[in-house]
Amino acid sequence: MKMNKFRIFNYKSILDSGWCELSGDNITILAGQNEAGKTNILEALRDFDVDEKFSEATQPDVSDDLTNLQIEYLLDEDEVLYLELDADDNLVKAFEEFLINKGSIIVEKSFPDKYSFEAELRDEMMKEFSLDEKLVDGVAAELMRHTPYMVYFNSFSDLLPDKFYLGEIDKLEDIEDQSVIDFLNVSELDIQKLKTDEDPRRIGNYLDRHNAQITGEFLTYWTQNIDGKNKVQIIAERNHDENGYYLNFFVKDPDSKKYPIQRSRGFQWFLSFYLRLRAESIRKSEIGATVLIDEPGSYLHPKAQKDVLKLLEEKISPKHQVIFSTHSCDLIDPNRLNRVRLVINRENKGTIVSKIHSRDNHEDFTHALTPIIKAMGMDIGNKFDIAAKNNVILEGISDYYYLSTLRDKRGFSISPQIRLIPMAGVFSIPNMVSIMIGWGLKYVVIMDRDKNSDQVYDELTKKLMINNNQIYRLEGGKAIEDMFSRDDFTKLVIMDQSISIPTNKANSDYVHNDKELLSRRYFDSYKDNKIHLDEITKKNFKKIFEFIRSSFKA
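By numbering that gives the first Met the number 0, the letter at position 172 of the sequence shown is numbered 171, and the numbering carries on one by one without gaps.
Structure representation (structure tokens):
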């Protein structure tokens with residue numbers, strides 16, 4: 000059974016969140032500023048679980064109405080057939096067919112812990128099967144036993160200890176240290192074997208095999224250097240003293256073997272994060288889980304945050320739905336903006352959830368967009384404000400610098416009301432176009448002429464149904480650098496006229512690895528200074544600016 004969407008009423012800062020539809024790829028991201036209410040949304044979902052209750056502390060100060068949370072589940076036929084209903088067999092069969100035909104149902108939980116179907120569905124069931132409200136609510140409660148667990152993480156502070164005595168421990172449930180439970184779960188170590196096998200060589204080999212198992216998977220997701228080393232091992236060693244057998248836990252690199260607490264705070268966090276999520280994923284593998292994570296990776300630098308996203312994508316989301324909150328652009332894939340929901344705390348309305356393509360002129364909406372804009376490779380300074388009336392979407396930052404240099408110069412000038420918006424590559428363009436469409440803004444697209452651009456052009460015109468007169472494909476070459484003549488390119492861009500570019504190479508091929516650097520230098524050199532272009536260069540760039548001007552004529 001899979002969650003499709005949710006709506007929260009009267010929970011802390013939330014009066015009515017509005018419906019929040021979850022992403023189809025099992026990862027949904029709640030993005031927004033601090034104090035927007037992202038944590039409150041996750042905690043409300045946590046409290047929807049059958050083992051939790053809504054407390055009086057969750058009631059908002061500005062409303063006398065009680066907490067209520069609604070979730071729509073997509074029904075699986077096999078799960079419906081396993082419902083244990085205390086009723087006549089014929090009635091049970093008819094009820095199962097009713098649910099299967101529905102395909103989805105909305106279950107709500109009201110303060111403190113009462114489950115029921117939403118009112119319209121409940122009334123339909125009572126009428127269809129001549130049942131009273133109590134019996135129908137009992138069906139809702141039974142159905143909840145088959146929904147995925149809500150597993151909430153708001154910190155990953157449980158660190159593997161230096162030493163752990165096996166002592167009288169007979170099973171995992173006897174262990175109080177969560178990090179040790181997680182390690183034993185993920186590495187599949189047998190506690191009894193560790194306690195009773197007295198052959199140190201055999202135990203050493205046994206631990207080596209299981210250490211290799213956990214290390215191999217961990218290093219698939221942790222790609223950072225530790226103390227300058229890019230390969231580490233997560234290991235457990237069994238030792239003995241007067242108090243009996245115990246395990247030592249180490250993080251080992253080619254030069255040293257250290258306790259986890261001796262490693263960086265970021266590494267400690269990621270190790271705890273990995274063990275916690277993998278252990279819960281294993282434990283909840285049969286019925287599944289909805290994994291709720293509050294601000295993952297806040298201690299990590301950008302590249303390590305991308306490792307967090309990779310772990311969620313490859314190891315957790317294939318089996319479980321994931322909902323996490325963030326205001327970090329590094330946890331947002333610019334090619335998967337369908338995952339993102341904006342969380343905004345608005346005066347008199349409380350916390351609400353919105354899609355990024357919703358049209359909203361409020362300042363808090365623009366602030367909430369910050370991590371999304373950054374993820375798409377855009378500077379969020381005023382010059383890249385995406386709420387302009389007229390917008391020109393460009394493939395990359397080099398396009399922005401070359402066109403920005405000329406936009407105010409004689410023969411090329413365009414209105415200051417027109418915004419040039421650089422993307423993080425051609426594949427980011429459709430997402431920005433979707434936002435423009437949703438916001439009702441005017442826009443045009445300027446694209447290269449290469450295979451990737453051809454692919455995106457087809458997507459824009461065939462899937463998003465954009466008129467081809469809104470798209471300009473560069474003429475005179477395949478990329479923006481090819482708009483310069485050879486002479487102007489070596490003189491003004493490379494700034495070394497002794498260089499001769501082979502006739503079988505385009506300008507863009509020659510500077511493939513230095514595009515951003517050269518375009519920024521060109522911008523810095525000529526934005527506020529005179530520039531002399533030859534006729535070939537003028538002709539190519541004038542076509543671009545004429546397209547822009549003509550596109551936004553009143």
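Each residue gets a CB set at the ideal place from its N, CA and C atoms; glycine is no exception. None of the values given here were measured: they were computed from a predicted structure.
* Bridge partner(s) assigned by DSSP for Ala-235 -> By one-based count along the sequence shown, residue 235 stands at place 236. Under DSSP, Ala-235 forms a beta bridge with Phe-248.
* Terminal residues of the beta strand (DSSP E) in which Ile-104 lies -> Sequence index remark: in the sequence shown, residue 104 carries index 105 (1-based). For Ile-104, the enclosing beta strand (DSSP E) begins and ends at 103-109.
* **Segment contact flag, the segment 186-203 with the segment 291-299, C-beta cutoff 8 Å, min 3 pairs** => no
* To do: Following the continuous beta strand (DSSP E) through Gln-320, name the residue where it begins and the one where it ends.
  => Along the sequence shown, one-based indexing puts residue 320 at 321. It spans 320-325 - the beta strand (DSSP E) in which Gln-320 sits, taken as one unbroken run.
* To do: Please determine, among Gly-424, His-531, Asn-242 and Thr-57, the residue with the shortest C-alpha to C-alpha distance to Ser-12.
  => In the sequence shown, residue 12 corresponds to position 13, counting from 1. Taking only the C-alpha atoms, the option nearest Ser-12 is Thr-57.
* **Cβ pair count under 8 Å reaching 3, the segment 102-111 against the segment 59-66** => yes
* Below 8 Å between beta carbons: does that hold for Tyr-245 and Leu-165? -> If you number the sequence shown from 1, residue 245 lands on position 246. If you number the sequence shown from 1, residue 165 lands on position 166. Their beta carbons are under 8 Å apart, which means Tyr-245 touches Leu-165 by this criterion.
* Grouping DSSP H, G and I as helix and E and B as strand, with all else coil, what is Phe-217? -> Taking the first residue of the sequence shown as position 1, residue 217 is located at position 218. Annotated three-state conformation of Phe-217 is helix, per DSSP.
* Tell me the start and end of each unbroken beta strand (DSSP E) in the segment 104-158 that is at least 3 residues and wholly inside, in chain order. => 113-116 and 148-152
* DSSP state of Tyr-400, grouped into three classes? -> On the sequence shown, position 401 is the one that residue 400 refers to. Helix at Tyr-400.
* Please go through the same chain and pick out, in chain order, the residues whose beta-carbon is closer than 7 Å to the beta-carbon of Leu-74, but skip the five residues on each side of it. => As a working mapping, residue 74 is identified with position 75 in the sequence shown. Cβ neighbours of Leu-74 beyond the five flanking positions: Met-0, Leu-98, Ile-99, Lys-101, Gly-102, Ser-103 and Ile-104.
* Asked: Helix, strand or coil: which one does DSSP assign to Asn-3?
  -> Against the sequence shown, residue 3 aligns to sequence position 4. It is a strand residue.
* Asked: Helix, strand or coil: how does DSSP classify Asn-389 here?
  -> As a first step, residue 389 must be located in the sequence shown, where it is residue number 390. In this structure, Asn-389 counts as strand in the three-state DSSP scheme.
* With DSSP as the reference, please indicate the residues paired to Gly-349 in a beta bridge. => Position 350 of the sequence shown holds residue 349. According to DSSP, Gly-349 bridges with Ile-13 and Arg-345.
* Assess, as a yes-or-no matter, whether the segment 395-412 is touched by the segment 512-528 under the definition of 3 or more beta carbon pairs within less than 8 Å. => yes
* Asked: Which residues in the same chain have their Cβ closer than 7 Å to the Cβ of Met-143, if we skip the five residues on either side of it in sequence?
  -> The sequence position of residue 143 within the sequence shown is 144, counting from 1. So the list reads Val-49, Val-106 and Tyr-114, once near-sequence residues are dropped.
* **Contact check, Leu-459 vs Ile-445, beta carbons under 8 Å** => Walking along the sequence shown from the start, residue 459 turns up at place 460. Walking along the sequence shown from the start, residue 445 turns up at place 446. In terms of Cβ geometry, Leu-459 and Ile-445 do not form a close pair [threshold 8 Å].
* Element boundaries [beta strand (DSSP E), containing Ile-292] -> Along the sequence shown, read from residue 1 onward, the residue named residue 292 stands at position 293. Looking at the DSSP string, the run of the beta strand (DSSP E) that includes Ile-292 is 288-293.
* Asked: Do Ser-324 and Lys-37 have their C-beta atoms within less than 8 Å of each other?
  -> Residue mapping note: residue 324 aligns to position 325 of the sequence shown, counting from 1. Residue mapping note: residue 37 aligns to position 38 of the sequence shown, counting from 1. Yes.
* To do: Could you have a look at Asp-384 and say whether DSSP puts it in helix, strand or coil?
  => Within the sequence shown, residue 384 is the residue found at index 385, counting from 1. Model confidence at Asp-384 stands at a pLDDT of 49, short of 50, so the residue's coordinates are unreliable; what they give is reported in the following sentence. In the structure shown, Asp-384 sits in coil (DSSP, three-state: anything other than H, G, I, E or B).
* CA-CA distance, Tyr-521 and Tyr-400? -> Taking the sequence shown and counting its residues from 1, one reaches residue 521 at position 522. Taking the sequence shown and counting its residues from 1, one reaches residue 400 at position 401. About 8 Å.
* Asked: Taking DSSP as the reference, what is the three-state secondary structure of Pro-421?
  -> Numbered from 1 along the sequence shown, position 422 holds the residue referred to as residue 421. Reduced to three states, the DSSP call for Pro-421 is strand.
* Pairing CB atoms from the segment 126-143 with CB atoms from the segment 274-281, are three or more of them under 8 Å? -> Fewer than three Cβ pairs drawn from the segment 126-143 and the segment 274-281 lie within less than 8 Å of each other, which leaves the two stretches out of contact.
* Around the C-beta of Leu-299, are 16 or more other C-beta atoms found within 10 angstroms, so that it is buried, or is it exposed? -> Taking the sequence shown and counting its residues from 1, the one referred to as residue 299 is at position 300. Buried, by the Cβ-count rule.
* Asked: Straight-line CA distance for Lys-302 to Trp-221?
  -> What you label residue 302 is simply residue 303 of the sequence shown in a count that begins at 1. What you label residue 221 is simply residue 222 of the sequence shown in a count that begins at 1. Looking at the two C-alpha atoms, the distance is approximately 10 Å.
* Taking three-plus beta-carbon pairs below 8 Å as touching, is the segment 482-498 in contact with the segment 536-545? -> yes
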